[in-house]
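J.: Attaching a single structure in structure tokens format; questions to follow.
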Amino acid sequence: MTRLAIIALLATSLPAWAGLPTDPYGSPMWEYNVERYLGNVAPVVLDEQVQVKVPPFAENSSQVPLTVDLSNYPLPIREMVAWVDLNPIPHLFSLTPGPAPATLVSMNFRVQQATTVRVAVLDDDGVWHLGSAFVDAAGGGCTAPSMTAANPDWEQNFGTIRGGAFSRVDGVRFKFSVMHPMDSGMVDGVPLFHIEHVVLRDSASSDPLLTMNLSESAAENPMLVFEFGHQTPDAVLWMRDNNGNEFERKLGGQP
Amino acid sequence: MRSNRIAMKFSVSALALAVSLGAHAVTDEDILNDQATTDDVVTNGMGLNGQRFSPLSTLNSSNVENLQPVWAFAFGGEKMRGQESQPMIKDGVMYVTASYSRVYAVDAMTGEEIWQYDARLPDGIMPCCDVINRGVALYDDKVIFGTLDAKLVALNKDTGKVVWIKKVADYQAGYSITAAPIIVNGKLITGVSGGEFGIVGKVEAYDPNTGEILWTRPTVEGHMGYVYRDGEAVENGISGGQAGLTWPGDMWQTGGAAPWLGGTYDASTDTLFFGTGNPAPWNSHLRPGDNLFSSSRLAIDPNDGSIKWHFQTTPHDGWDYDGVNEVISFDYEDDGEMVRAAATADRNGFFYVLNRENGDFIRGFPFVDEISWASGLDEDGRPIYTEDGRPGNPAELSGEQAGSVVARPAFLGGKNWMPMAYSQDTGLFYVPSNEWSMDIWNEAVSYKQGAAYLGAGFTIKPANEDFIGVLRAMDPRTGEEVWRYENTAPLWGGVMTTAGNLVFTGTPEGYLKAFDARTGEELYRFNTGSGVVGTPVTWEMNGEQYVSVASGWGGAVPLWGGEVARVVKDFNQGGMVWTFKLPSDRVASN
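First to last, the sequence lines map onto chains P and Z.
Numbering of the first sequence is given in the numbering used here, commencing with residue 4 and proceeding in unit increments.
Numbering of the second sequence is given in the numbering used here, commencing with residue 7 and proceeding in unit increments.
Structure (structure tokens):
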């Protein structure tokens, strides 16, 4: 059966909903994942102003950099969802911005095979703006044992956060990494163990600058970058993993 | 249709959260009444007093032969090892733990998994005696258990998601937790393991809703206890009054006495009963004195952790006779007077009946066939040591294994961790016990954090050719052994008794067995496929009586059992929970 035929079959078994454009990458998971993560009610448009940047080839399938550049995206952002179409658990993150949305989000993730990566942004009118990119890969990043698993002393460095706030011409860049195995639960004998929640708060007001839920596709010892156009370089980072461990650190400002 | 299924997936967690706020939470009242309610099991011990007696009699000695397995559930994974858990049942859901600090919620009707939690353990954990876990505590909407890296973890009972996690002690110093914590009047109470590593034992109370510590009580003389008010530690008295009364020099600083088996609670006196493990190191010549509060039973005030009284079963222990075994509260009539008693069967081979209001010794007697290290108990219950019963002092001897003695019971005990049961109908205790001896000798040793702190060598030998395990029915008023069942392999599983004139226990050969509570006649056996070292429970669901037990050979025997290996070497590991019921149409078949 050709891929077109499969898509046709899938399409006939689904209620038709307006507003889903054709996938420029022709991914077999296009409709399924859009519906899974965005639902089948809100309209979806392809939007090149949601810039998704990945390397053309993943040299290391368990550490692939992803950058979502929204500096040219003009509309307010209510939600952001990212997924990796052909990963066993495609969901990568869901992000809810604070009053001033980040203009850039960057992190590293895993790829199980060559795949499209999607980032969708919800505007005030309830429309999802979707950007895509394709990364070629040898694969296996989701089911390979973590480096941490091979290190019997992993707890020594567990939870260590390196990071800070860096000033840009206008605005601020928060950049941090945390030592965490981020085990996907797909390696025999190593249970699921990963950071689920990331919250960045303004130090002074304690208002969240963003909250983020991470899934199994996030990479080991993740490094995250957030850029804001107008924000004091003074924030508190808080993270919690599925075992209930909490990690907290001040980024920038006075210690 | 796919779209509906996906929509449902997304709403499940929200629904589960809504349910947990409703009427299906476990309350203090549920816990205090657990021994009387038949539709749930919400305490380790089937009642806080630990009697493990069910008032259910639907299943009884005349129809137990019709008991049928209804489902089995595999813990999975490449890891197996010993399964010493006691399942808990609430609102048709079973909460059961497995080796390597894993927890499962299972539909009690079908055996289907609802959720699973696998603690991510560091490689450096140091459990002395297998990577086991003995069960959870239930409170409100939480399932709470202790991990091998000495943490308490509270999970949402509907989702299995972590609500809070709390480090109780440093696993790198040798601490771990294997016992089920207990809930008493809104407090979560736990002990710690690690007596083989020179830790300092402690009993602690936490807020089950938040994981905040409420009080801590060290179980070694000389260490300060604390209560916590608004996060501040407030001194609450040194255990035993001051350091150095029963320990030489600074040995009390690494004194062991780990309360590793958890505890029971008596509501009539508002008292926790926790037993304490061996003093560290094993070589007793390094620590002349009674070494309080090692190898003792402690009566603790649940409100602030104060010690009300103590009873030391093996003062100056030199044989690794931990005093951790469960203290079971029970009442009996003596010359028309009601006696508020507590009973415990010690590793050292003696069965003790105490006054649970003040710890006074009422009587004690051997529950094993032979005891070598003591000739009996004096009027206060203190052992009368035999001459040459204690392994010699290596500082005064030369040569390997110098001063070696044959001691009986072996250090794995006349009875070990596996809980006995008390029947309110027969007035008998059903004691899972073992007949074995050991060669034991002392060696020089010094303390190093995180390293084994024994100073002794040993090897265990079966006492008889044809059996090691003995399930005994003991009369606490007379010391009489009313009946016994002999088992080839050592018994290592807990016991349960019911108003149906039944006694249940498991064997390393794989069987769940039921006996007539009055005669000891074996009435039922079912092979679960691997050794049973867990503790059975029973409850009622939709008018039918159910029995469950975890199956999976392991625990201390295959690790420490010496020549017992001859008997147990062919037993295979496993990891399952088996559930049985008496079908309603078979109730009156006899």
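For every residue, glycine included, the Cβ atom is placed at its ideal position computed from N, Cα and C.
Over what stretch of residues does the alpha helix (DSSP H) that includes residue 124 (chain Z) continue unbroken?
T.: Here residue 124 (chain Z) belongs to no alpha helix (DSSP H); instead the beta strand (DSSP E) covers 119-124.
J.: Say whether the segment 212-222 of chain Z touches the segment 295-303 of chain Z, bearing in mind that this needs 3 or more beta-carbon pairs closer than 8 Å, one atom from each stretch.
T.: Not touching, per the Cβ criterion.
J.: Do the CB positions of residue 236 (chain P) and residue 181 (chain P) come within less than 8 Å of each other?
T.: In this structure, residue 181 (chain P) does not lie closer than 8 Å to residue 236 (chain P) by Cβ.
J.: Using 8 Å as the threshold, is the C-beta distance between residue 370 (chain Z) and residue 387 (chain Z) below it?
T.: Yes, these two residues count as a Cβ contact at 8 Å.
J.: Comparing alpha-carbon positions, which option in P:79, P:147 and P:94 lies nearest residue 2 (chain P)?
T.: Because chain P here runs from 4 to 258, residue 2 (chain P) falls outside it and cannot be looked at.
J.: Does the CB of residue 219 (chain P) have a neighbour CB from chain Z at under 8 Å?
T.: It does not; no Cβ of chain Z falls within 8 Å.
J.: Just checking my contact of residue 502 (chain Z) with residue 435 (chain Z) at CB under 8 Å: how many whole Å lie between their CB atoms?
T.: At roughly 13 Å, the Cβ-Cβ gap does not stay under 8 Å, so residue 502 (chain Z) and residue 435 (chain Z) are not in contact.
J.: Here's a check: name, in chain order, each residue in its chain whose Cβ is nearer than 8 Å to the Cβ of residue 58 (chain P), leaving out the five neighbours to either side.
T.: Around residue 58 (chain P): 67, 68 and 138.
J.: Spatial neighbours of residue 213 (chain P) within its chain, please: CB distance less than 7 Å, with the 5 preceding and 5 following residues excluded, ordered by chain position.
T.: Contacts found: 98, 99, 100, 101, 105, 203 and 229.
J.: Enumerate in chain order the residues of its own chain whose CB-to-CB distance from residue 152 (chain P) is below 8 Å, with the five nearest sequence positions on each side excluded.
T.: Closer than 8 Å at the Cβ level, and outside the excluded window around residue 152 (chain P), lie 184, 186, 190 and 193.
J.: What residues from the segment 77-101 of chain Z come within 8 Å of chain P, judged by C-beta to C-beta, listed N to C?
T.: Cβ contacts with chain P: 83, 84 and 85.
J.: What is the DSSP secondary structure of residue 577 (chain Z), counted as helix, strand or coil?
T.: Residue state, collapsed to three classes: coil.
J.: Does residue 96 (chain P) have its Cβ less than 8 Å from a Cβ in chain Z?
T.: Answer no: the Cβ-Cβ gap between residue 96 (chain P) and chain Z never drops below 8 Å.
J.: Okay, do the segment 412-422 of chain Z and the segment 437-445 of chain Z touch, 3+ Cβ pairs below 8 Å being the bar?
T.: Yes: the two stretches touch, three or more of their Cβ pairs being nearer than 8 Å.
J.: Under 9 Å between beta-carbons, which chain B residues line up against residue 129 (chain Z)? List them in chain order, please.
T.: Annotation note: the requested chain B is absent from the structure, which comprises protein chains P and Z.
J.: What span of residues does the alpha helix (DSSP H) with residue 74 (chain Z) cover, start to end?
T.: Note, residue 74 (chain Z): premise wrong, no alpha helix (DSSP H); beta strand (DSSP E) at 74-80.
J.: Check residue 37 (chain Z) in the structure and name its three-state DSSP category.
T.: In the structure shown, residue 37 (chain Z) sits in a helix (DSSP, three-state: H, G or I).
J.: Taking CB distances under 8 Å as the criterion, tell me whether residue 194 (chain P) reaches chain Z.
T.: Yes, residue 194 (chain P) lies at the interface with chain Z (some Cβ there is under 8 Å from its Cβ).
J.: Hey, out of Z:514, Z:490 and Z:545, whose CA is closest to residue 532 (chain Z)'s CA?
T.: Looking at the Cα atoms, Z:514 is the closest of the given residues.
J.: Near residue 586 (chain Z), which residues of its chain fall below 8 Å by C-beta distance, leaving aside the five closest residues on each side in sequence?
T.: Answer for residue 586 (chain Z): 73, 74, 75, 76, 518, 532, 552, 553 and 554, listed in chain order.
J.: What is the DSSP secondary structure of residue 459 (chain Z), counted as helix, strand or coil?
T.: In the structure shown, residue 459 (chain Z) sits in coil (DSSP, three-state: anything other than H, G, I, E or B).
J.: Since residue 36 (chain P) is in the alpha helix (DSSP H), which residue starts that stretch and which ends it?
T.: Counting along the chain, the alpha helix (DSSP H) containing residue 36 (chain P) begins and ends at 33-41.
J.: Just to confirm my understanding: we take residue 232 (chain Z), look at its own chain, exclude 5 residues before and 5 after, and list those with CB closer than 7 Å. What are they?
T.: The residues are 221, 222, 239, 240, 241 and 242.
J.: Consult DSSP for residue 158 (chain P) and reduce its assignment to one of helix, strand or coil.
T.: Helix at residue 158 (chain P).
J.: Using a Cβ-Cβ cutoff of less than 6 Å, which residues in the same chain neighbour residue 29 (chain Z) once the five nearest sequence positions on both sides are dropped?
T.: In this prediction, residue 29 (chain Z) scores a pLDDT of 49, lower than 50, which makes its location untrustworthy; the coordinate-derived value is nonetheless stated afterwards. Answer for residue 29 (chain Z): no residue qualifies.
J.: Just to check my reading of the structure: residue 262 (chain Z) and residue 284 (chain Z) have Cβ atoms closer than 8 Å, yes? What is that Cβ distance to the nearest angstrom?
T.: The pair is a contact, with the Cβ atoms about 6 Å apart (cut-off 8 Å).
J.: Excluding the five sequence neighbours on either side, which residues of its own chain have a C-beta within less than 7 Å of the C-beta of residue 227 (chain Z), listed in chain order?
T.: If we look at residue 227 (chain Z) and ignore the five residues flanking it on each side, its Cβ neighbours are 245, 246, 249, 251, 252, 253, 258, 298 and 299.
J.: Under 7 Å between beta-carbons, which chain Z residues line up against residue 245 (chain P)? List them in chain order, please.
T.: The contacting residues are 168.
J.: Using only the alpha-carbon positions, how far apart do residue 265 (chain P) and residue 231 (chain P) sit?
T.: Nothing about residue 265 (chain P) can be read from this structure; chain P reaches only from 4 to 258.
J.: Any idea what DSSP makes of residue 464 (chain Z), helix, strand or coil?
T.: Reduced to three states, the DSSP call for residue 464 (chain Z) is strand.
J.: State the beta-bridge partners of residue 357 (chain Z) as determined by DSSP.
T.: The partner list for residue 357 (chain Z) (beta bridge, DSSP) reads Z:351 and Z:371.
J.: Since I believe residue 469 (chain Z) is in contact with residue 62 (chain Z) (beta carbons under 8 Å), could you give me their beta-carbon distance rounded to a whole number of angstroms?
T.: 36 Å between Cβ atoms; not a contact.
J.: Below 8 Å on the Cβ atoms is my contact criterion, and I expect residue 94 (chain Z) with residue 53 (chain Z) to pass it. Report the Cβ-Cβ distance as a whole number of Å.
T.: Not really, about 13 Å apart at Cβ, beyond 8 Å.
J.: Would you please state the rounded distance, in angstroms, between the beta carbons of residue 80 (chain Z) and residue 581 (chain Z)? I believe it to be under 8 Å.
T.: About 6 Å separates the two Cβ atoms, so the contact holds.
J.: Indicate the three-state DSSP secondary structure (helix, strand or coil) for residue 111 (chain Z) in the structure shown.
T.: Note: residue 111 (chain Z) maps to strand in three-state DSSP.
J.: Beta strand (DSSP E) containing residue 565 (chain Z): first to last residue?
T.: Here residue 565 (chain Z) belongs to no beta strand (DSSP E); instead the alpha helix (DSSP H) covers 563-566.
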